[in-house]
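A.B. asks: Mind having a look at this structure? Questions to follow.
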Amino acid sequence: MNTNIFQFELRMKLKSALTWSIAVVAVSLIYLGLYPSLAQEADLLEQAIRQFPPQFLQAFGMQHFHLDTIMGFYSFVFLFIQVLLAVQASMYGVGLVSVDEAEFTADFLLTRPVTRGQILTSKFLASFVVLTLTNAVVWVSSLAFLELFDAGRGYDQHAVILLLSSIVLFQLFFLTAGAAISLLVKRVRSVTPYALALAFGMYLLGAFSGMLGDVKLELITPFKHFDPNAIIENDAWDPSLVAISIAVILISIAITYWRYLHRDIPAVA
Amino acid sequence: MPVIETRQLTKYYGKARGIVDVSLQVEEGEIFGFIGPNGAGKTTTIRLLLGLIFPTRGEARIFGKDAIKDGPEIRRHIGYLPSEVFYYEGMKVIDLLKYAASFYPGDHTKRLHELAEYMELDLHRKIEDLSYGNRKKVGIVQGLLHRPKLVFLDEPTLGLDPLMQRKFFDLIREENARGVTVFFSSHILGEVQRLCQRVGIIKEGQLIEVSDIRTLQQNNYKRIYVAAREIPSGYFDRPGVTNLEAVNGGVRFFYKGDIDAIVARISALDLIDVTIEEPTLEEIFMHYYE
Numbered sequence: 001m002n003t004n005i006f007q008f009e010l011r012m013k014l015k016s017a018l019t020w021s022i023a024v025v026a027v028s029l030i031y032l033g034l035y036p037s038l039a040q041e042a043d044l045l046e047q048a049i050r051q052f053p054p055q056f057l058q059a060f061g062m063q064h065f066h067l068d069t070i071m072g073f074y075s076f077v078f079l080f081i082q083v084l085l086a087v088q089a090s091m092y093g094v095g096l097v098s099v100d101e102a103e104f105t106a107d108f109l110l111t112r113p114v115t116r117g118q119i120l121t122s123k124f125l126a127s128f129v130v131l132t133l134t135n136a137v138v139w140v141s142s143l144a145f146l147e148l149f150d151a152g153r154g155y156d157q158h159a160v161i162l163l164l165s166s167i168v169l170f171q172l173f174f175l176t177a178g179a180a181i182s183l184l185v186k187r188v189r190s191v192t193p194y195a196l197a198l199a200f201g202m203y204l205l206g207a208f209s210g211m212l213g214d215v216k217l218e219l220i221t222p223f224k225h226f227d228p229n230a231i232i233e234n235d236a237w238d239p240s241l242v243a244i245s246i247a248v249i250l251i252s253i254a255i256t257y258w259r260y261l262h263r264d265i266p267a268v269a
Numbered sequence: 270m271p272v273i274e275t276r277q278l279t280k281y282y283g284k285a286r287g288i289v290d291v292s293l294q295v296e297e298g299e300i301f302g303f304i305g306p307n308g309a310g311k312t313t314t315i316r317l318l319l320g321l322i323f324p325t326r327g328e329a330r331i332f333g334k335d336a337i338k339d340g341p342e343i344r345r346h347i348g349y350l351p352s353e354v355f356y357y358e359g360m361k362v363i364d365l366l367k368y369a370a371s372f373y374p375g376d377h378t379k380r381l382h383e384l385a386e387y388m389e390l391d392l393h394r395k396i397e398d399l400s401y402g403n404r405k406k407v408g409i410v411q412g413l414l415h416r417p418k419l420v421f422l423d424e425p426t427l428g429l430d431p432l433m434q435r436k437f438f439d440l441i442r443e444e445n446a447r448g449v450t451v452f453f454s455s456h457i458l459g460e461v462q463r464l465c466q467r468v469g470i471i472k473e474g475q476l477i478e479v480s481d482i483r484t485l486q487q488n489n490y491k492r493i494y495v496a497a498r499e500i501p502s503g504y505f506d507r508p509g510v511t512n513l514e515a516v517n518g519g520v521r522f523f524y525k526g527d528i529d530a531i532v533a534r535i536s537a538l539d540l541i542d543v544t545i546e547e548p549t550l551e552e553i554f555m556h557y558y559e
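For the protein sequence lines, the chains are A and B, in the order given. In terms of my numbering, the numbers along the first sequence are unbroken and rise by one, the last being 269. In terms of my numbering, the numbers along the second sequence are unbroken and rise by one, the last being 559.
Below is the structure:
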């Protein structure tokens, strides 16, 4: 860990952290803010939604869409937040070291008296801190809006804490997997396509796995590991699924360090 | 102890040749020129020495230490000016230079400002707004601000106007006078000749010659053009003259040998015009393939 690099990377990302946080707050506010008015028409709405094909409901995390308390609605909003967080963490992960190579600033950094391990650790930590800031914003905004818009019906606080606590691992999954992928491909020229493919690929695996009938594939996606519907329904995490997430994170970290420490930094072509 | 020492240093990118069996030594306090055409392996050699890429085989030692294993320690005393300069676009010049300086122990603010003033670099502009030449200046300042003992210059004059080139060369000479060793890569023979004491010539990944700059010049051809009222046929048929051809009312040829003798011979003519030039790099290479 090198404090110069850490501080520098942190400063470079603060604007982005702010943007993502605003997005998360906006999504939570707009959707949860709808609940009090929806709650009055709960029965009608639920009937209407039952008319949709079950596959459709599953894809949007609405198979347990209940409006009698705000929780049924929140599981759907939380999935939306997860997608945002997945894209953010993937962008940071894929860009962790590839941005330096695409913009040719890698030479600047790697010719300083620091080890590659220090560079990588500093960058990882800086990204993690920024993700944690966004995470904190999700906590505060979710808890505040649930309290504000529960229409006086109350909600399952334990399940909410379980959902919010899952964010750390969820973010780390995309951060580390993104970094590993960026170092397994030959050269990343643009971060966005890789990051979007990772985030939405995982989302689609989770959303459509039941439809395809293939149980194995869905096991690798954190959208399944931390499926808000399942967590709310069981009022617990599934330990074996969470273990898969942790395993992927550890393997991704190992790949990232191994590849980066042995990598030929491409020259300006 | 040499400052840089490589033994059979070899780099392949997959099957593509980078450099092959390069063994060279650079002594403390010298300005070592490293010349060769584009794609010969100059940049590959420098990147290997800086630990940016890893050798396929062979080894490189800097300050007597392993260039890979002891890289971070070695790089504390190294300055590097890359040929193409790209920096964090959104930053101001001063912030980038401070970031660069922060990696080295001690306070480098004074030297930073000295160098910027000398190179006429505006510290408060954004890097994205800088011209190519001004970016190059940023490169020069960031490479020298921590008073390195060894400086790598990779095609440093590309994009600098002639006046700045001169200032830059003076700066390098000044550093060298203080004992700094300079590894200067270029494909322009003239600037290497102006600055360097010894040169290595690299072609197609192989080091084909390391010699004193004077020896190289003495051993080398001059390109001579002579126009005169009358040049008797066979006038320049003498040892050392090759590739003689008649052009533009005069003759052109290569000459290798006693310069005094050929000048005396030329001055005996009723001259209109004379040029005596250094051979181009290609012509030097022709010489090495004879």
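The beta carbon of each residue, even a glycine, is placed where N, CA and C say it ideally should be.
Can you give me the start and stop residues for the alpha helix (DSSP H) that Tyr356/B sits inside?
C.D. replies: Counting along the chain, Tyr356/B falls outside any alpha helix (DSSP H), and DSSP gives it neither H nor E.
A.B. asks: Provide the residue(s) that pair with Phe453/B in DSSP beta bridges, ordered along the chain.
C.D. replies: Paired residue(s): Gly302/B, Leu422/B.
A.B. asks: Applying the 10 Å Cβ sphere with the 16-neighbour rule, what's the burial state of Ala533/B?
C.D. replies: Ala533/B should be labelled exposed.
A.B. asks: Helix, strand or coil: which one does DSSP assign to Asn512/B?
C.D. replies: DSSP places Asn512/B in strand when its eight states are reduced to three.
A.B. asks: Count Cβ pairs between the segment 362-375 of chain B and the segment 109-125 of chain A that sit closer than 8 Å; are there 3 or more?
C.D. replies: Counting Cβ pairs under 8 Å, three or more are found: they touch.
A.B. asks: Does any residue of chain B bring its CB to less than 7 Å from the CB of Val268/A?
C.D. replies: Judged by the 7 Å Cβ criterion, Val268/A is in contact with chain B.
A.B. asks: Val130/A versus chain B: which residues are under 7 Å apart at the beta carbon?
C.D. replies: By Cβ distance, chain B contributes nothing, its closest Cβ being about 17 Å from Val130/A, past 7 Å.
A.B. asks: Should Pro306/B be flagged as near chain A, meaning a C-beta pair shorter than 7 Å?
C.D. replies: No, Pro306/B does not count as interfacial toward chain A.
A.B. asks: Starting from the Cα of His382/B, find the closest Cα among Tyr401/B, Lys406/B, Gly305/B and give me that residue.
C.D. replies: Ranking Tyr401/B, Lys406/B, Gly305/B by Cα distance to His382/B puts Lys406/B first.
A.B. asks: Taking only beta-carbon atoms, is Pro425/B less than 7 Å away from chain A?
C.D. replies: Output row for Pro425/B: interface = no.
A.B. asks: In chain order, what residues of the same chain lie with their CB nearer than 6 Å to the CB of Ile331/B, ignoring the 5 residues before and after it?
C.D. replies: Around Ile331/B: Ile273, Ile343.
A.B. asks: Around the Cβ of Gly348/B, are there at least 16 other Cβ atoms within 10 angstroms (buried) or fewer (exposed)?
C.D. replies: With 16 or more Cβ atoms within 10 Å of its Cβ, Gly348/B is classed as buried.
A.B. asks: State yes or no: is the C-beta of Arg507/B within less than 7 Å of the C-beta of Glu514/B?
C.D. replies: No; because the gap between Cβ atoms is not below 7 Å, this pair is not in contact.
A.B. asks: Which runs of the alpha helix (DSSP H), 4 residues or longer, sit entirely within the segment 138-204 of chain A?
C.D. replies: You should have 157-165, 167-184.
A.B. asks: Does any residue of chain A have a CB that is nearer than 7 Å to the CB of Tyr349/B?
C.D. replies: Yes, because at least one Cβ of chain A sits closer than 7 Å to the Cβ of Tyr349/B.
A.B. asks: Would the beta-carbon of Ser28/A fall within 7 Å of that of Ile232/A?
C.D. replies: No; because the gap between Cβ atoms is not below 7 Å, this pair is not in contact.
A.B. asks: If you draw a straight line from the C-alpha of Arg447/B to the C-alpha of Asp423/B, how long is it?
C.D. replies: Spanning the two alpha carbons is a distance of roughly 21 Å.
A.B. asks: Nearest by alpha-carbon distance to Phe6/A: which of Ile119/A, Thr192/A, Trp237/A, Ser98/A is it?
C.D. replies: The option with the nearest alpha carbon to Phe6/A is Ile119/A.
A.B. asks: By Cβ distance, which residues of its chain are closer than 6 Å to Leu169/A, with the 5 residues on each side in sequence left out?
C.D. replies: Once the five neighbours on either side are set aside, the close Cβ partners of Leu169/A are Ser245.
A.B. asks: Suppose only complete runs of 4+ residues qualify. What are the alpha helix (DSSP H) ranges in the segment 41-85 of chain A, listed by chain order?
C.D. replies: Listed in chain order, they are 42-50, 54-59.
A.B. asks: Out of curiosity, what's the CA-to-CA distance linking Ser252/A and Ile30/A?
C.D. replies: Those two C-alpha atoms are separated by around 35 Å.
A.B. asks: Can you tell me whether Asp529/B is helix, strand or coil according to DSSP?
C.D. replies: The answer is helix: DSSP assigns Asp529/B an H, G or I state.
A.B. asks: Using DSSP's beta-bridge definition, name the partner residues of Glu279/B.
C.D. replies: Before going further, note that residue 279/B is Thr rather than Glu in the sequence given. DSSP output for Thr279/B lists Arg326/B as bridge partner(s).
A.B. asks: Take Val242/A as the anchor and find which of Ala126/A, Phe223/A, Leu184/A has the nearest alpha-carbon.
C.D. replies: Looking at the Cα atoms, Phe223/A is the closest of the given residues.
A.B. asks: Ile535/B to Thr484/B, Cα distance in whole Å?
C.D. replies: Cα-Cα distance, rounded: 24 Å.
A.B. asks: Straight-line CA distance for Gly340/B to Glu353/B?
C.D. replies: If I take the Cα positions, the gap works out to 22 Å.
A.B. asks: Assuming Ile500/B is part of the alpha helix (DSSP H), what are its boundary residues?
C.D. replies: First-last for Ile500/B: undefined, no H or E at that position.
A.B. asks: State buried or exposed for Glu218/A, treating a residue as buried only when at least 16 other CB atoms are found within 10 Å of its CB.
C.D. replies: Buried is the call here.
A.B. asks: Which residue comes first and which comes last in the beta strand (DSSP E) that contains Ser292/B?
C.D. replies: Per DSSP, Ser292/B belongs to the beta strand (DSSP E) from 285-295.
A.B. asks: How would you write the range of the alpha helix (DSSP H) that Asp364/B sits in, first residue to last?
C.D. replies: Its alpha helix (DSSP H) spans residues 362-370.
A.B. asks: In the DSSP assignment, the beta strand (DSSP E) including Phe523/B goes from what residue to what residue?
C.D. replies: Where Phe523/B is concerned, the enclosing beta strand (DSSP E) stretches over 519-524.
A.B. asks: Note the first and the last residue of the continuous alpha helix (DSSP H) segment covering Tyr221/B.
C.D. replies: Lying outside 270 to 559, the shown extent of chain B, residue 221/B is not represented and no answer is given.
A.B. asks: Measure the alpha-carbon distance for Ser16/A versus Gln88/A and round it to whole angstroms.
C.D. replies: Distance between the alpha carbons of Ser16/A and Gln88/A is about 9 Å.
A.B. asks: Determine, using beta carbons only, whether Leu110/A comes closer than 7 Å to chain B.
C.D. replies: So yes, Leu110/A belongs to the interface.
A.B. asks: Taking 7 Å as the CB-CB limit, is Asp100/A close to chain B?
C.D. replies: Judged by the 7 Å Cβ criterion, Asp100/A is not in contact with chain B.
A.B. asks: Among Asn229/A, Leu38/A, Ala197/A, Gln47/A, whose alpha-carbon lies nearest the alpha-carbon of Phe80/A?
C.D. replies: Nearest of Asn229/A, Leu38/A, Ala197/A, Gln47/A to Phe80/A, Cα basis: Asn229/A.
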